[in-house]
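In what follows, a structure is listed as structure tokens, so that the remarks can point back to it.
There are 2 protein chains.
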Amino acid sequence: MLHWLKHYRRAMLAGDIGAGIVVAMMLIPQGMAYALVAGLPPVAGIYASILPPIVYALFGSSMTQSVGPMAIVSLMTGAVLAPLAPGGSGLYSVLAAQLALVCGIVLLVCGLLRLGFLANFFSRPVMSGFTVGCALAIAAGQVKPLLGASFPHWHAPSAMLGIGAVIALFAARRYLEPLLQRCGMPAHAAGVAAKLAPMLVVLGGLALASLLQLQEQGVKLAGDVPSGLPQLNLALSHAHWRALLQPGLLIGFVIFLMSMSAAQALAQKRNEKLVSNHELIGLGAANVAAMMSGGFPVTGSLSRSAVNFAAGAQTPLASIITAVLLAGALVAPTGWLALLPLPVLAATIIVAVLGMLELGTLKTAWRYDRGDAAAWIVTCGGVLVLGVEAGVVVGVLLSMGTLIWRASRPHIAVLGRIAGTEHFRNIDRYPAETQPDVLLLRVDANLFFGNVEAVGERIEEEVRSHPTAQHLVLVMTAVSSIDTSALFALGEWNASLKRRGIALHLAEVKGPVLDRLRESDLPAQLAGPIFLSTAMAAQKLHKGRDGEYAEYI
Amino acid sequence: MLHWLKHYRRAMLAGDIGAGIVVAMMLIPQGMAYALVAGLPPVAGIYASILPPIVYALFGSSMTQSVGPMAIVSLMTGAVLAPLAPGGSGLYSVLAAQLALVCGIVLLVCGLLRLGFLANFFSRPVMSGFTVGCALAIAAGQVKPLLGASFPHWHAPSAMLGIGAVIALFAARRYLEPLLQRCGMPAHAAGVAAKLAPMLVVLGGLALASLLQLQEQGVKLAGDVPSGLPQLNLALSHAHWRALLQPGLLIGFVIFLMSMSAAQALAQKRNEKLVSNHELIGLGAANVAAMMSGGFPVTGSLSRSAVNFAAGAQTPLASIITAVLLAGALVAPTGWLALLPLPVLAATIIVAVLGMLELGTLKTAWRYDRGDAAAWIVTCGGVLVLGVEAGVVVGVLLSMGTLIWRASRPHIAVLGRIAGTEHFRNIDRYPAETQPDVLLLRVDANLFFGNVEAVGERIEEEVRSHPTAQHLVLVMTAVSSIDTSALFALGEWNASLKRRGIALHLAEVKGPVLDRLRESDLPAQLAGPIFLSTAMAAQKLHKGRDGEYAEYI
């Protein structure tokens with residue numbers, strides 16, 4: 003905690019101040035827009051951008067992470083709250099803050115229990131499919147505010163403003179950076195400055211809407227943004243707790259996933275070490291802070307953190323500067339924010355999330371592993387068809403399904419001796435000698451509940467196709483662990499083989515595995531000793547030299 | 003399908019007939035009792051025992067599986083239906099049948115999609131904890147019918163009848179088999195005959211209740227059992243479909259788990275091969291049949307199948323004989339079944355499920371692997387505290403959690419050369435030589451989304467503690483697969499190391515893994531070739547002999 007502050011050097015200050023200002027300029031329209039995605043008044047997005055990053059700076063583990071509102075988490079927040087309270091109501095805002103609290107507690111508890119490994123429940127193709135599905139769902143949800151009416155209808159002034167803003171944003175993304183460079187700005191600075199285009203477009207839209215008095219023509223505006231800092235909101239309606247618990251678990255998981263993937267990408271660039279359990283604590287505390295400031299669930303955002311990093315952020319001080327600037331924006335007269343036209347905010351959302359439509363992972367997976375590509379497609383489709391909450395569950399099940407499916411087909415080789423040596427190799431790949439009475443099987447996987455059935459089946463098959471075998475040796479060179487399920491299975495295979503007059507043996511069991519096995523009854527049940535090497539097993543078991551066992555125990 | 007009928011030999015008939023009769027005698031009280039557990043009238047248990055085993059005989063894969071009502075599935079059925087319809091109502095029965103249909107469709111779809119590997123989603127400790135939790139929950143639910151009132155109160159005549167039946171059943175379990183043997187019955191036959199004790203106790207209870215006219219003293223009876231075969235019940239209320247879908251998925255999963263564990267135990271004894279996808283189809287068809295005959299979800303029962311096997315069943319004909327006998331029992335006058343006292347049926351349930359209180363798995367796990375023991379305890383507690391449905395979810399999450407947790411700590415060894423040889427070994431275990439410029443890391447696990455983060459962290463650590471390293475070689479002897487997530491990670495490690503002037507190399511990549519990697523961009527990104535052996539890599543990379551790469555590609 004605050005490790006970075008102890009080692010703060012003055013040389014870092016310029017970078018942190020610059021990044022703090024740039025991210026603040028980015029966060030004002032983004033925070034307001036993502037509050038709209040969550041079904042909240044735009045000002046909630048600014049509330050959610052002040053306390054949380056300050057708290058994350060105290061507890062989090064990433065140096066350049068920008069914590070605040072984020073598109074996918076806002077989408078989930080909206081999906082959870084929509085059935086619980088009418089949009090725009092006071093209850094809705096209270097529930098949003100409480101949801102942040104639930105997420106915060108979930109994340110803190112996971113952090114204290116050191117459950118950081120849970121981030122591994124999503125495979126990368128599933129994560130990518132989930133992100134793309136969410137991006138499409140968010141974009142689809144903004145078509146109505148963009149056009150001022152439900153597609154295929156539109157409200158002409160709104161649609162012109164909205165579509166104009168989309169075109170301006172795309173043009174800025176494409177042409178602003180080269181233009182600034184041609185005007186003499188250094189390449190790096192131009193890249194960062196170009197990220198401020200949404201702020202410029204929003205201000206332009208605001209100016210246009212005010213000049214042309216578009217409100218009178220029916221263009222909707224962001225509405226009142228109360229001046230002053232947010233009120234602490236500690237009200238808790240116990241009746242809604244239960245309804246928020248399960249979604250809080252899912253959103254907490256997604257908060258952690260999103261933040262970890264952003265932080266990892268940046269940590270790799272800075273060769274930093276990221277501690278997933280600290281990250282959980284930091285995010286948990288940030289979400290509790292979001293509750294206290296009348297916000298909604300927050301997380302680290304990859305796109306914003308990348309801007310923070312590119313703009314020169316060295317430490318979390320950059321985020322604190324951003325937060326102070328946003329607080330200042332609220333203290334200053336905020337009347338003008340109310341005049342922001344919604345179609346322009348919708349345009350910034352659509353253009354921002356279209357940047358999340360990354361298809362590279364799908365392409366690579368399609369070429370490399372069709373199963374992973376299918377997982378991508380099903381997760382993306384799951385988000386679009388079943389909704390974002392079900393999408394998370396589908397994603398976890400698919401990741402786990404792929405894992406169990408792969409585990410359920412372990413590689414197992416029948417071994418033979420390379421003539422004249424003590425080396426034993428897969429007989430399918432090498433010209434190797436076998437003995438009719440001793441069958442050697444090498445299991446190339448850790449033995450655990452996911453593959454014991456498959457290993458058992460393979461043993462049966464091999465025993466059936468080697469009717470002269472009197473000894474079956476499992477060569478355990480590749481086995482680094484045997485779980486309790488596999489321990490039971492070994493006992494059952496031993497008993498079943500014994501009934502048919504076949505003795506089960508183990509060879510080349512790794513030290514730590516052997517230590518564990520010695521705690522169990524298995525070694526006593528086996529017909530013979532555990533052999534140190536395959537060669538010893540093959541030699542001693544061949545043609546019933548069982549009498550000499552003892553010396554190899 | 004009907005493979006067994008083609009190879010039927012006359013010698014099998016005696017065994018099948020004997021087992022068919024024994025199981026029928028066992029099923030009449032058991033089916034009625036498990037119907038009560040599901041909240042249904044007792045006769046539904048007999049309905050559910052006629053068509054399903056016949057259909058399973060046509061499509062299933064196990065020779066001696068006895069498909070019908072089963073305690074845990076009945077518990078889940080009751081838990082799902084209780085909030086949807088008043089107990090004893092017509093709607094409740096229709097929903098029970100529809101739930102069987104949903105389960106049947108889920109199982110059939112899983113079978114057609116060849117998802118038999120899904121049985122591997124539960125580890126054995128989790129399965130055991132789940133079973134024990136369910137047994138306790140079922141027993142607890144039967145205390146009230148046993149005592150005739152809610153504990154600590156009781157209705158004296160009911161309680162005397164119920165507790166008397168419990169004592170009789172325990173005594174029969176303990177003494178009946180030795181007694182029959184002493185009367186000259188062969189040991190095996192005595193064992194089977196002793197399983198008929200519940201039927202005898204039920205009949206005794208019936209006689210006692212009738213003689214003493216216990217109904218007039220307030221002892222509850224089973225109630226009317228309509229004579230005649232069940233009516234086909236095809237009514238489907240679409241409004242309830244949605245409510246049944248998610249529980250249907252969970253119950254379908256449990257049906258499959260329970261049946262597979264029963265069938266596996268028996269197949270092992272008979273050295274039979276079990277095809278999990280056929281089992282899914284058989285169970286799916288049986289549940290569709292359960293719907294059609296006004297029953298409720300059914301599955302294979304370990305205890306009943308074991309009796310079927312012990313009584314001499316050779317083929318599914320035994321189950322067909324059982325079904326025909328039960329149908330006959332319904333066609334005969336059934337008025338006497340209505341007189342069965344509920345406390346006696348409750349006693350048979352309690353004694354039956356107490357047999358499921360198996361603590362051996364917990365004991366072994368406690369000694370062998372505390373993590374697995376914890377999973378047992380949490381699953382069992384989850385069933386008792388959160389309910390049986392949540393218990394399944396907890397069990398799956400724990401199994402997967404253990405798996406991901408174990409995967410997230412792969413074994414990685416720094417290798418050195420055993421002096422004077424070409425053998426490379428873990429430097430922590432063997433006295434081995436290392437080179438300052440070439441760092442050799444052997445990853446002892448398949449690379450996949452669950453461990454890439456941990457492998458990446460370890461690489462960072464080793465690179466930091468070997469500042470003179472210019473080459474990092476990943477020795478892939480133990481890697482049988484690299485998934486898409488790990489493919490991306492390899493690319494990122496390569497890029498990150500390159501920025502620091504360290505070249506990443508791979509050595510000893512297995513044939514199938516190499517074939518897949520060649521489909522990707524990775525080999526082109528790496529600084530050098532993929533080395534055939536660790537020795538080649540160490541020799542060629544040492545002190546910058548990179549110029550000689552090409553010949554080893």
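So the protein lines, in turn, are chains U and R.
Here the numbering used here is used: the first residue of the first sequence is 3, the next is one more, and so on.
Here the numbering used here is used: the first residue of the second sequence is 3, the next is one more, and so on.
Beta carbons: idealized from backbone N, C-alpha and C, even for Gly.
Small disclaimer: the values here were computed from a predicted structure and weren't measured.
Using the rule of at least 16 other Cβ atoms within 10 Å of the residue's Cβ for burial, across every protein chain shown, is residue i buried or exposed?
{"i": "R:Trp338", "result": "exposed"}
{"i": "R:Glu553", "result": "At R:Glu553, the pLDDT of 35 sits below 50, so the modelled position is not reliable; the number obtained from the coordinates is stated separately. That one is exposed."}
{"i": "R:Gln100", "result": "buried"}
{"i": "U:Ile169", "result": "exposed"}
{"i": "R:Phe556", "result": "Coverage of chain R is limited to positions 3 through 555, which leaves residue 556 of chain R absent and any answer about it impossible."}
{"i": "U:Ser295", "result": "buried"}
{"i": "R:Ser125", "result": "buried"}
{"i": "R:Ala497", "result": "exposed"}
{"i": "U:His473", "result": "buried"}
{"i": "U:Glu179", "result": "buried"}
{"i": "U:Gly330", "result": "exposed"}
{"i": "R:Lys542", "result": "buried"}
{"i": "U:Thr423", "result": "exposed"}
{"i": "U:Leu359", "result": "exposed"}
{"i": "U:Lys197", "result": "buried"}
Taking the straight line between their C-alpha atoms, what separation do you get for residue i and residue j?
{"i": "U:Glu550", "j": "U:Thr536", "result": "Any reading at U:Glu550 must be qualified, since the residue scores a pLDDT of 43, below 50, and its modelled position is unreliable; no value is offered."}
{"i": "U:Ala456", "j": "R:Tyr432", "result": "34 Å"}
{"i": "R:Glu435", "j": "R:Phe533", "result": "20 Å"}
{"i": "U:Asp548", "j": "U:Met260", "result": "With a pLDDT of 47 at U:Asp548, under the threshold of 50, the modelled position of this residue cannot be trusted; read the value that follows with caution. Cα-Cα distance, rounded: 59 Å."}
{"i": "U:Gln270", "j": "U:Val256", "result": "21 Å"}
{"i": "U:Arg116", "j": "U:Ala264", "result": "20 Å"}
{"i": "R:Ala526", "j": "R:His507", "result": "12 Å"}
{"i": "R:Val128", "j": "R:Ile352", "result": "22 Å"}
{"i": "R:Arg419", "j": "R:Gln437", "result": "9 Å"}
{"i": "R:Lys8", "j": "R:Ala137", "result": "40 Å"}
{"i": "R:Ala421", "j": "R:Gly493", "result": "33 Å"}
{"i": "U:Leu163", "j": "U:Met262", "result": "37 Å"}
{"i": "R:Ala209", "j": "R:Pro343", "result": "10 Å"}
{"i": "U:Ser307", "j": "R:Val108", "result": "44 Å"}
{"i": "R:Arg518", "j": "R:Val57", "result": "44 Å"}
{"i": "R:Leu114", "j": "U:Leu38", "result": "44 Å"}
{"i": "U:Asn289", "j": "U:Leu319", "result": "19 Å"}
{"i": "U:Ser321", "j": "U:Asn273", "result": "20 Å"}
In the DSSP assignment, what residue or residues form a beta bridge with residue i?
{"i": "U:Leu110", "result": "In the DSSP output, where bridge partners are listed per residue, U:Leu110 has none listed."}
{"i": "R:Ala509", "result": "R:Val477 and R:Phe533"}
{"i": "U:Phe2", "result": "Only positions 3 to 555 of chain U appear in this structure, which leaves residue 2 of chain U out of reach."}
{"i": "R:Gly70", "result": "R:Thr301"}
{"i": "U:Arg444", "result": "U:Ala415 and U:Val477"}
{"i": "R:Glu391", "result": "According to DSSP, R:Glu391 bridges with nothing at all."}
{"i": "U:Ala434", "result": "U:Ile420"}
{"i": "U:Leu449", "result": "U:Ile484"}
{"i": "R:Leu223", "result": "R:Pro343"}
Comparing C-alpha positions only, which one of the options sits nearest to residue i?
{"i": "R:Glu464", "options": "R:Ala415, R:Arg427 and R:Lys512", "result": "R:Ala415"}
{"i": "U:Ala291", "options": "U:Cys105, U:Gly250 and U:Leu319", "result": "U:Cys105"}
{"i": "R:Tyr94", "options": "R:Met28, R:Gly150, R:Gly297 and R:Val355", "result": "R:Gly297"}
{"i": "U:Tyr370", "options": "R:Ala50, R:Ala488, R:Pro531 and R:Ser76", "result": "R:Ala488"}
{"i": "R:Val69", "options": "R:Met78, R:Ala81 and R:Gln32", "result": "R:Gln32"}
{"i": "U:Phe426", "options": "U:Met538, U:Gly393 and U:Gln144", "result": "U:Met538"}
{"i": "R:Ala84", "options": "R:Ala471, R:Gly397, R:Ala491 and R:Glu391", "result": "R:Glu391"}
Practice problem: Could you name each continuous alpha helix (DSSP H) segment of 4 residues or more that falls completely within the region 84 to 155 of chain U, going from the start of the chain to the end? | Solution: Within the region 84 to 155 of chain U, the complete alpha helix (DSSP H) runs of at least 4 residues are 92 to 114, 126 to 143 and 145 to 149.
Practice problem: Output the residue ranges of the alpha helix (DSSP H) runs that lie fully inside the region 286 to 374 of chain U and measure 4 residues or longer, sorted by chain position. | Solution: Runs of the alpha helix (DSSP H) lying entirely within the region 286 to 374 of chain U, each at least 4 residues long, are 304 to 312, 319 to 333, 344 to 356 and 362 to 370 in chain order.
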